[in-house]
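Working notes, beginning with the structure itself.
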Amino acid sequence: MVEILRIENLKKHFQTAQGVVKAVDGVNISLNEGETLGLVGESGSGKSTVAYNVVGIYGATSGNIYFRGEDISMGTSRRPKSLKKDIQIVFQDPGTSLNPRQYIHEILAMPLRVHRIVPENEITDRVKELLELVQLPTSFIFKHPLELGEGEKQSVAVARALAVNPSMIVLDEPTSALDVSMQAKVINLMLELQKEYGFSYLFITHDLGVMRNVADRIAIMYLGKICEVAPAAEFFQTPLHPYTRMLISSVPVVSEEEERMRPAKVASRGEIPSPVNVPGGCGFHPRCCDATEECAGAIPEMVEVESDHFVYCHKFKQER
Amino acid sequence: MHSDTREIQQRLWEKRKDNLRRAWYKFSGNYLSIVGLVIVLIVILLAIFAPWVSPYPEHRGAFVDFSKSMEPPSSEHLLGTDAVGRDILTRVIFGFRFSLMMGFVVIGLAAPPGIVAGLVAGYFRDTWVDTLIMRITDVFLAVPPLILAMAITAVLPPNVFYAMLAVTLMWWPWYARLVYGIASSLQNEFFVQAAQVTGASTPYIIFKEILPNSVSAIFTKMTLDVGIVIIIAASLSFVGLGAQPPTPDLGTMVSDGAKYMPDQWWMTVCPALAIVFTVLGFNLLGDGLRDMLAVEEV
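Line by line, the protein sequences give chains L and X. Going by the working numbering, the first residue of the first sequence is number 3, and it counts up by one from there. Going by the working numbering, the first residue of the second sequence is number 201, and it counts up by one from there.
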């Protein structure tokens, strides 16, 4: 498998009045060509900050992001234009991700014009094709975003991301603002497009249920750090990190079959601490039921428990 | 599948007409906005056709007829005559010309640089560009507008051109401020970030993504400001720094007539009421525009 994206020890700190917020504090993950990597975490875990770093809305505080071997850890203003064609993003809130003063035609024509994807006189045809691609009627080119439903807006946002023929799309909670029927529609659309065009997805969400259906591999984030990375099937069957177990056991289930698959219930304790005042050692130890003295003292190292299944927890430290 | 670009342009144009019709429907829902619009149209038409609609067009300039001096309102002179026997109604109608020209020219000159400054500063919020532009506007805003205008017109010869220059100089920072507020919040919106991620140029983002979202606020402010600029212009004329006699000007007329208050009250009250009428019209129109454009945003 060819690696398309590698994030190495990425840190993004923000200076605020309350102190330094370590939104992302040493993240290592990689994404293969044509794969979907689910990045899951609670609100405030820094998952969107990782997304914004990847597309360049933020420049990294330290660490590196490699896209096909090229360092892209700087912000958009310093990235070469060709890179911006390869990496696209679909935002969380479809309401504000489309300019309310523009027609769908203008919104979708912008990326086509910026990168001269098609000659000027074919732009309208291409815009119509893009709308068909995301299963919207072509008559929408004369509509304002305000005239569309939330799901339709999100589909337009997807079409805008597709317009430049990217290789990788960052999906920053693309379904969290949609109602359930729309969520399924948008997710199925994304999967169909991936099958057809081989996009790589960095799929960010707080919804593990969604992840079960779409992700090839899943990475769990907590307080700016990765807890566990595993292939999706293994992740749900044998979650290792106490935080992961807590998350999975708190996903609501409907059928008995699902109930049987569920790991033993782990009581969730407390709330995610403020990122200004992160606990020392393993960030999760104040909420962890297996915490020992070591957990409060030292930041856990990455342990490869099985092939491709990584966990950052003292419990799984290998004796060498 | 090949669609004609002209057909697309046509359909977009129709869509725009549709939006205009809807906007008019909202605007006309409030009768005060209609009143404002009618007043503004009346004033503009009177100003344009002043030589044909005023009863004594020759009274606009240096005309003297002491036999008719200081006559009260009558059927012959509806608003009376001034100290040298000129018809006040005629001079009020010609006075609208100067007031409107002052209002339109000053706003027309002050708004574009203010808007561009505000857009650029807002888009580059929290950088040195923002600091530089906004501190300069702060300097202009710190000087009381009328005092600055008086200082400028005191140094330079008192005439219409310099009066306009003075008011323009103190007016652009307000547009910079207004647009800065809008632009600096919009530069954080996802649609702006999407354009940045895709690699759209900074001018494209500023003028195509951010500016259209500030237009409603800008238009409303421009309309309201025409009224305020007319008052400022009249104030400058009142203290003798604006239009110079014998140019018919509402501020000068109020000032000249004040000497004869209260016995010959019409010489002051009539041009003063004309100012009130005009400014009221622009304010009502501005309020109507604001309501119309605000509803559209929801």
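All residues carry an ideal CB built from backbone N, CA and C; glycine is no exception. Predicted, not measured: the structure shown is a model, and the values here were computed from it.
So residue i and residue j are in contact, right, with Cβ under 8 Å, and what is the actual spacing, rounded?
i	j	result
L:I67	L:L12	6 Å
X:E349	X:A366	Glu is not the amino acid found at residue 349 of chain X; the sequence shown has Ala there. Yes, they are in contact, since the Cβ atoms of X:A349 and X:A366 sit about 4 Å apart, within 8 Å.
L:I250	L:P241	5 Å
L:V29	L:V52	6 Å
X:A395	L:M76	Actually they are not in contact, since the Cβ atoms of X:A395 and L:M76 sit about 18 Å apart, beyond 8 Å.
X:F419	X:I239	18 Å between Cβ atoms; not a contact.
X:I347	X:L369	Actually they do not touch by this definition, with Cβ atoms about 12 Å apart.
L:K155	L:G97	7 Å
X:W465	X:I288	The Cβ separation is near 11 Å, so there is no contact.
X:V397	L:V57	5 Å
L:G36	L:S202	6 Å
How would you list, in chain order, the residues of chain L whose beta-carbon sits under 8 Å from the beta-carbon of residue i?
i	result
X:K215	Y105 and F144
X:P412	N101, R103 and Q104
X:R325	Chain L residues near X:R325: none, gap ~14 Å exceeds 8 Å.
X:L212	Y105, H107 and F144
Taking 7 Å as the line, does the beta carbon of residue i fall inside it for any heavy atom of the ligand SAH?
i	result
L:F237	No copy of the ligand SAH appears in this structure; indeed no ligand is present at all.
Just tell me which of the options has its CA closest to the CA of residue i.
i	options	result
X:S299	X:Y460, X:A434 and X:G481	X:A434
L:I119	L:G97, L:V166, L:A232 and L:Q20	L:V166
L:L39	L:V136, L:G211, L:P281 and L:F205	L:F205
X:I333	X:G451, X:G399, X:W466 and X:G314	X:G314
X:A247	X:S401, X:F304 and X:I293	X:I293
X:F482	X:Q209, X:G236, X:A223 and X:L220	X:G236
X:S267	X:A283, X:F361 and X:Q393	X:A283
L:T207	L:P147, L:F93 and L:V4	L:F93
X:G427	X:A474, X:E258, X:P448 and X:V320	X:A474
X:D425	X:W372, X:A321, X:S401 and X:A383	X:W372
L:L173	L:R262, L:M213 and L:G299	L:M213
L:Y245	L:H316, L:R219 and L:Y203	L:H316
L:N101	L:H146, L:C290 and L:L7	L:H146
L:E134	L:V158, L:M112 and L:H117	L:V158
X:N388	X:I406, X:V243 and X:R377	X:I406
X:F391	X:F361, X:E409 and X:M370	X:E409
X:R206	L:I125, L:V255 and L:N279	L:I125
X:Q393	L:A19, L:E194, L:H15 and L:D95	L:D95
L:V136	L:I189, L:Q104, L:P275 and L:A179	L:I189
X:A310	X:A458, X:W466 and X:K421	X:K421
X:M302	X:Q464, X:K459, X:L489 and X:D449	X:D449
X:V320	X:I307, X:R490, X:S414 and X:K215	X:S414
X:A354	X:G440, X:S275 and X:G295	X:G440
X:V329	X:Y380, X:I307 and X:V264	X:Y380
X:P471	X:D487, X:M492, X:I431 and X:Q209	X:I431
L:R81	L:S64, L:Y60 and L:S99	L:Y60
L:I31	L:R103, L:H311 and L:A186	L:H311
X:V360	X:I242, X:E258, X:V305 and X:T331	X:V305
L:T140	L:L148, L:V129 and L:L150	L:V129
X:F324	X:A383, X:T290 and X:V339	X:A383
L:S169	L:P254, L:M184 and L:F69	L:F69
For residue i, would you say it is in contact with chain A, using Cβ-to-Cβ distances shorter than 8 Å as the test?
i	result
X:I406	Although the question refers to chain A, the structure presented lacks it and instead comprises the protein chains L and X.
Who are the neighbours of residue i on chain X, taking C-beta pairs under 9 Å?
i	result
L:D95	F390
L:Q90	A394, V397 and T398
L:K83	G399
L:T98	E389, F390 and F391
Which chain X residues are close to residue i, counting only those with a beta carbon under 8 Å from its beta carbon?
i	result
L:M304	The premise fails here: L:M304 is roughly 30 Å from chain X at the closest Cβ pair, so nothing lies under 8 Å.
L:T78	Q396, V397 and G399
Against residue i, what residues of chain L qualify as contacts under a CB-to-CB distance less than 7 Å, listed in chain order?
i	result
X:A400	M112 and V116
X:I208	T126
X:E409	N101
If the cut is a Cβ gap below 7 Å, which residues of chain X does residue i touch?
i	result
L:K86	V397, T398 and G399
L:T207	Within chain X, no residue comes near L:T207; the closest Cβ sits about 17 Å away, beyond 7 Å.
Legend entry - the stretch 387–398 of chain X: positions lying closer than 7 Å to chain L by Cβ: The residues in question are E389, F390, F391, Q393, A394, A395, Q396, V397 and T398.
Inset, instruction - Would you list, in chain order, the members of the stretch 13–24 of chain L that have their beta-carbon closer than 7 Å to a beta-carbon of chain X? - result: none
Legend entry - Residues from the stretch 269–287 of chain X in contact with chain L, defined by Cβ distance under 7 Å: none
Inset, instruction - Scan the stretch 152–169 of chain L for residues whose Cβ lies nearer than 9 Å to a Cβ of chain X and list them as they occur along the chain. - result: Cβ proximity to chain X below 9 Å picks out A159, R162, A163, A165 and V166 from the stretch 152–169 of chain L.
Inset, instruction - Using a Cβ-Cβ cut-off of less than 8 Å, list which residues of the stretch 56–73 of chain L approach chain X; keep chain order. - result: V57, G58 and I59
Legend entry - Residues from the stretch 108–135 of chain L in contact with chain X, defined by Cβ distance under 9 Å: E108, I109, M112, P113, R115, V116, H117, E122, N123, E124, I125, T126, D127, K130 and E131
Inset, instruction - Taking only runs that begin and end inside the stretch 194–276 of chain L, name each unbroken alpha helix (DSSP H) of 4 or more residues, in chain order. - result: 210–216, 234–239, 244–251 and 258–263
Legend entry - Residues in the stretch 43–56 of chain L having any Cβ partner in chain X nearer than 9 Å: Y54
Legend entry - Length-filtered (4 minimum) alpha helix (DSSP H) runs lying within the stretch 435–465 of chain X: 450–458
Legend entry - Every unbroken alpha helix (DSSP H) within the stretch 45–120 of chain L, with a cutoff of 4 residues, ordered by chain: Here the runs fully enclosed are 49–57, 83–88, 96–99 and 106–116.
Inset, instruction - Identify every run of the alpha helix (DSSP H) within the stretch 320–397 of chain X, keeping only runs that are complete inside it and at least 4 residues long; order them along the chain. - result: 328–342, 345–355 and 360–386
Legend entry - Ordered list of beta strand (DSSP E) runs contained in the stretch 127–196 of chain L, each at least 3 residues: Runs of the beta strand (DSSP E) lying entirely within the stretch 127–196 of chain L, each at least 3 residues long, are 170–174 in chain order.
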